[in-house]
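Numbering (full-length UniProt numbering), first residue to last: 1 to 162. Where a beta carbon is used, it is the ideal one built from N, C-alpha and C, also for glycine. Only one structure is covered here, and it is reproduced in the block below.
As structure tokens, this is what we get:
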């Protein structure tokens with residue numbers, strides 16, 4: 001099972017319809033991820049990294065976005081065929097994205113820790129104290145220094161490098 005593909009993106013093509021016409025944001029992208037692997041998608045600004053991941057998470061704004069072709073298989077099921085309710089069950093609990101810039105990725109009106117805890121409450125039955133401990137643990141796992149302090153900070157108080 002460890003050798004099986006957990007996530008398999010095949011021939012993904014995404015375009016956006018703009019006032020000047022159709023713009024291809026992602027063309028024929030292929031990649032896969034096996035269990036326990038880490039995947040880093042690297043590229044120049046505007047190369048389609050975020051657009052590709054947003055498609056995996058079901059966050060492509062349609063319109064103006066359009067997934068022209070491809071499959072996004074997660075545990076052998078095509079996420080492109082999932083409805084919003086099915087996607088909400090797996091996003092945050094089984095699939096998530098770590099954004100690079102907390103200023104543009106987190107809600108500026110909520111403390112960072114509360115935003116993590118909100119996802120935990122949505123996908124588990126844990127209580128307030130346990131969700132706080134788990135949020136600190138998750139911040140530690142991704143290398144955020146002083147997670148006990150950071151959990152009570154707003155996004156503008158965090159730096160990209162932390």
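- In the structure shown, residue 51 adopts helical secondary structure according to DSSP, grouped into three states.
- At a Cβ-Cβ threshold of 8 Å, residue 26 and residue 42 do not count as neighbours.
- Between residue 6 and residue 33, the beta carbon gap of about 6 Å places them in contact (Cβ cut-off 8 Å).
- The UniProt domain "ABC transporter" (27-162) is shown to contain whole alpha helix (DSSP H) runs of 4 or more residues at 49-56, 84-90, 102-105, 112-123, 128-141 and 147-150, in chain order.
- Residue 11: member of the beta strand (DSSP E) spanning 5-18, first to last residue.
- Within the model, the alpha-carbon separation for residue 30 versus residue 138 is close to 29 Å.
- In the assembly as shown, residue 46 is an exposed residue. Its beta-carbon has fewer than 16 other beta-carbons within 10 Å.
- When the alpha-carbon of residue 119 is set against those of 95, 75 and 54, the nearest one is in 95.
- If you draw a straight line from the Cα of residue 111 to the Cα of residue 152, it comes to about 6 Å.
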